[in-house]
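First comes the structure, then the notes that go with it.
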Amino acid sequence: MELKTFRDLIDWTRTLHHHMATCMKQAASEHEETRAQILLDYLATHEAELEKTVEGFESEADARALKTWIYDFLSHKPIETHRTCDLPYTKLDFDGICHEIFDFHDQIIDLYQNLQDRAEIPEAKEMVENLLNLERHEAMRIAREIGRMQDV
Numbered sequence: 001m002e003l004k005t006f007r008d009l010i011d012w013t014r015t016l017h018h019h020m021a022t023c024m025k026q027a028a029s030e031h032e033e034t035r036a037q038i039l040l041d042y043l044a045t046h047e048a049e050l051e052k053t054v055e056g057f058e059s060e061a062d063a064r065a066l067k068t069w070i071y072d073f074l075s076h077k078p079i080e081t082h083r084t085c086d087l088p089y090t091k092l093d094f095d096g097i098c099h100e101i102f103d104f105h106d107q108i109i110d111l112y113q114n115l116q117d118r119a120e121i122p123e124a125k126e127m128v129e130n131l132l133n134l135e136r137h138e139a140m141r142i143a144r145e146i147g148r149m150q151d152v
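Take the sequence shown: its position 44, counting from 1, is numbered 44 in my numbering, and each next residue is one higher.
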């Protein structure tokens, strides 16, 4: 998907979360380790919820912000989503899965931070800040839940 506007960014982010949810759901049913299956089930559900939340941003966002062009996006290091299915989660242990999901969210957070710093109109800056806060909050939520799983 070619990203030209902030609307494209929201669609792209929603698609990424959908992709992650699909890969994790499939891996959960195929993984041999019970603990990893539980983690993957949780993460698949979480990513599906994030997909819906990000989709809501499009209907609530300022129309001017959605039409704003993203200029320096291509100079940003692209998010590496190919790992999710090229290196199936079924081959990773619990800790490997955790590493991948945190790396994925860190990449999105880094992208949003980069775009927030470059946003030229206040509406776009606010929208990206809201997306950034969502991703940060959800990454912390995942960390808490994984911490609870490790305690079990």
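We treat Cβ as the ideally placed atom computed from N, Cα and C, and that holds for glycine.
First and last residue of the alpha helix (DSSP H) that includes residue i?
i	result
isoleucine 97	94–118
histidine 137	122–151
Take residue i and list the residues in its own chain whose beta-carbon comes closer than 8 Å to its own, dropping the five residues that flank it on each side.
i	result
histidine 82	Confidence at histidine 82 is low in this model, with a pLDDT of 48, below 50, so the placement of that residue is unreliable and no value is reported for it.
histidine 31	Gln37, Leu40, Tyr89 and Thr90
isoleucine 109	Leu132, Glu135, Arg136 and Ala139
isoleucine 121	Arg64, Ala65 and Thr68
Excluding the 5 residues preceding and the 5 following residue i in the sequence, name in chain order all residues of the same chain whose CB lies nearer than 7 Å to its CB.
i	result
glutamate 145	Tyr42
leucine 50	His17 and Glu138
Please go through the same chain and pick out, in chain order, the residues whose beta-carbon is closer than 6 Å to the beta-carbon of residue i, but skip the five residues on each side of it.
i	result
arginine 7	Leu66
lysine 172	Outside the shown range of the chain, which is 1 to 152, sits residue 172, and nothing can be said about it.
valine 128	Tyr112, Leu115, Gln116 and Ala119
glutamate 58	Ile10
threonine 13	Val54
Using DSSP's beta-bridge definition, name the partner residues of residue i.
i	result
tryptophan 69	Thr5
Point to revise | alpha helix (DSSP H) runs contained entirely in the segment 34–67, provided each spans 4 or more residues | key: 34–60 and 63–67
Exercise for review: Would you be able to state if there are at least three C-beta pairs under 8 Å between the segment 12–23 and the segment 44–62?
Suggested key: yes
Check your understanding: Counting pairs of beta carbons, one from the segment 97–116 and one from the segment 133–151, are three or more of them closer than 8 Å?
Key -> yes
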